[in-house]
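S.K.: If you read the sequence shown in our numbering, its first letter stands for residue 11, the second for the next number, and so on. Cβ coordinates follow ideal geometry from the N, Cα and C atoms, glycine included. Remember, it's a predicted structure, so these values are computed and weren't measured experimentally. One structure coming up, written as structure tokens, with questions to follow.
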Amino acid sequence: MPPKEKVLRPAAFSLASASAVLALTACAALSGGSAQDNTPDNVSTDISDVEATLTLAFADDPPTHELVEGFTSLYPNVNIELQQTQFTDYVKTISLSMTSDDAPDIAQYNPGAMRSLIPGGHILNLDPYAEAYGWDESFPEASLEPLQSNDEASEFATGSLYAAPGALSVLGVFYNTEVLEEAGVPEPPATLDDFEAALELAHEADIAPMSVGGLEVGGFQIWNALLNGLGDHNEYKDWVYGAEGATIETEAAAEATETFHRWVRAGYVTESANATSDNDARAEFVDGESMFLVTGNWAAFELEAEMGDDVGFLLMPGTTVDRAPVASGASVAYAVSSHTEHPDVAAAFLDYLSSVEAAEIQLATGFMPVDTQAPIESYGLLNEVNFGFSTVADNEGIVPFPDYATPGMIDQLTPGIQGLISGSATPEEFLASLQAEWESHHE
């Protein structure tokens, strides 16, 4: 367990600061300008003399505003105008705007929207820029995988690169230190057996073992975290990314689902969870009414502000202490329009996202830094989250969330977990429903 004090990590080479050295002689241009001509013929990494105004469409903030401010402070010759849309409307609006004559130059990446925009040629193929900037070295491999796609956008983690990550996240377990002590749990659990034993001690002490927002995503995040700790992460990634013949009906997924179902039957997850929102579950945890809360780094600032030193963080434990850590994570990522008049400038913004300067912004806004080796300081709970994330990232154990598998998967995950909680569905039926959704999309 990392101490709740600052840590310094070794510096890594920042390609953003070396742009002038890497600069190529030609300016980027798209061949022909049609939607299908989405690969630049020539690229340049030197934008110091380019006067440009770009538009950026996005939903998530932070960190978008802060990252744009950081980039434009380094390049005062560039202006980026922001167009924010609420997340619930973003997929529909970005699908329309990226095909219009005045498409934004840069857009926050969304897999649902990209499934139509990439085949239509509306998203810039970033492979030439990835080679010019050396993004295979400056971005973690696991962060680029979900942003790669074949031409049909039917399978991810293959083909060409269509976006770059601007901030990363990680799923884990927050615990209440006072509740652990009250229930007689001597230390944070190191294995899955330890975790289940802690759940039982909380239950025996008449304390809610977990706060669960079953009304939204909190329920399936527990199942997701269990699968991370039990399964073959390559097998799981094949399913999420749409590899031919992949399935979620595996032994590991069955074990994760049965474990969750067993916790429900034991009273560790109560039926009232189905009427509990994620915000209400977090409030219950903050008030000391439960021992654990399974969620991600995005909750860390609020939890520490409310709980101080009474909250800690760990990754969902695996079956043994020496099992390589695996955790689901996602990125706030950005793609470039194939219609932009300034692809070099847009690509320079993407490259900036892997810099030390951007890492400081990413961490300060509650996200995990793209440069996992950046020499930045973190404190308290965020240091624990950052430590866990770095451990996973360094072992290439970051995997996508299960709802990434198809545009409609979240509509199976949430009610499916609710069925396990209420007793109206069996583990076998739950997994079968996920696989049926997957097959309907990939047929």
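Quick one, which of R275, E210, E206, G255 has its alpha-carbon nearest A435's?
M.R.: By one-based count along the sequence shown, residue 435 stands at place 425. Ranking R275, E210, E206, G255 by Cα distance to A435 puts R275 first.
S.K.: I believe V342 touches P114 by the beta-carbon criterion, under 8 Å. Please report the beta-carbon distance rounded to the nearest angstrom.
M.R.: In the sequence shown, the residue the question calls residue 342 occupies position 332. In the sequence shown, the residue the question calls residue 114 occupies position 104. That belief does not hold up - the Cβ atoms of V342 and P114 are roughly 16 Å apart, past 8 Å.
S.K.: Going straight from the alpha carbon of A263 to that of Q445, what length do you get?
M.R.: Taking the sequence shown and counting its residues from 1, the one referred to as residue 263 is at position 253. Taking the sequence shown and counting its residues from 1, the one referred to as residue 445 is at position 435. Going by the C-alpha atoms only, they are around 11 Å apart.
S.K.: Comparing C-alpha positions only, which one of P335, G228, T267 sits nearest to E439?
M.R.: For the purposes of this step, residue 439 is taken as the residue at position 429 of the sequence shown. Comparing Cα positions, the closest option is T267.
S.K.: According to DSSP, what are the bridge partners of T65?
M.R.: Here residue 65 corresponds to residue number 55 of the sequence shown, with the count starting at 1. Looking at the DSSP assignment, T65 forms a beta bridge with E91.
S.K.: If distances are taken between C-alpha atoms only, which option among P198, N89, S287, L391 comes closest to L313?
M.R.: As a working note, residue 313 is residue 303 in the sequence shown. Out of P198, N89, S287, L391, L391 has the C-alpha closest to the C-alpha of L313.
S.K.: Would you kindly report the start and end of the unbroken alpha helix (DSSP H) that includes L190?
M.R.: Within the sequence shown, the letter at position 180 stands for residue 190. Note, L190: alpha helix (DSSP H), 187 to 193.
S.K.: Classify R292 as buried or exposed, calling it buried when 16 or more other Cβ atoms lie within 10 Å of its own Cβ.
M.R.: In the sequence shown, counting from the first residue as 1, residue 292 sits at position 282. Result: buried.
S.K.: Which whole-angstrom value is the C-beta distance of E294 and S300, which I expect to be below 8 Å?
M.R.: Here residue 294 refers to the residue found at position 284 when the sequence shown is read from its first residue. Here residue 300 refers to the residue found at position 290 when the sequence shown is read from its first residue. Right, their Cβ atoms sit about 6 Å apart.
S.K.: Sort A152, F230, W249 by Cα distance to T305 and report the nearest one.
M.R.: As a working note, residue 305 is residue 295 in the sequence shown. Checked all of A152, F230, W249; the closest Cα to T305 is F230.
S.K.: Are the CB atoms of E447 and T416 nearer to each other than 7 Å?
M.R.: The residue you call residue 447 lines up with position 437 of the sequence shown. The residue you call residue 416 lines up with position 406 of the sequence shown. In this structure, T416 lies closer than 7 Å to E447 by Cβ.
S.K.: With the cut-off set at 7 Å, would you say A337 and L325 are in Cβ contact?
M.R.: Locating residue 337 in the sequence shown gives position 327, where the first residue counts as 1. Locating residue 325 in the sequence shown gives position 315, where the first residue counts as 1. Cβ distance < 7 Å, so A337 and L325 count as in contact.
S.K.: Kindly indicate the opening and closing residues of the alpha helix (DSSP H) around I104.
M.R.: Translated into the one-based positions of the sequence shown, residue 104 becomes position 94. Per DSSP, I104 belongs to the alpha helix (DSSP H) from 97 to 107.
S.K.: Going along the chain, which residues of its own chain have a beta-carbon closer than 6 Å to the beta-carbon of K16, five neighbours each way excluded?
M.R.: Counted from its first residue, the sequence shown places residue 16 at position 6. At K16, the pLDDT of 37 sits below 50, so the modelled position is not reliable and the matter cannot be decided from this model.
S.K.: Nearest to P327 by alpha carbon, out of P199, E155, H452, Q422?
M.R.: Taking the sequence shown and counting its residues from 1, the one referred to as residue 327 is at position 317. Cα-wise, what sits closest to P327 is P199.
S.K.: Closer than 8 Å by C-beta to L441: which residues in its own chain qualify, once you throw out the five before and the five after it? Chain order, please.
M.R.: Locating residue 441 in the sequence shown gives position 431, counting from the first residue. The residues are I258, E259, A263, A264, T267.
S.K.: With DSSP collapsed to three states, give me the class of F440.
M.R.: Residue 440 sits at position 430 when you count from the first residue of the sequence shown. Residue state, collapsed to three classes: helix.
S.K.: Over what stretch of residues does the alpha helix (DSSP H) that includes M419 continue unbroken?
M.R.: As a working note, residue 419 is residue 409 in the sequence shown. From DSSP, M419 is part of no alpha helix (DSSP H); its letter is neither H nor E.
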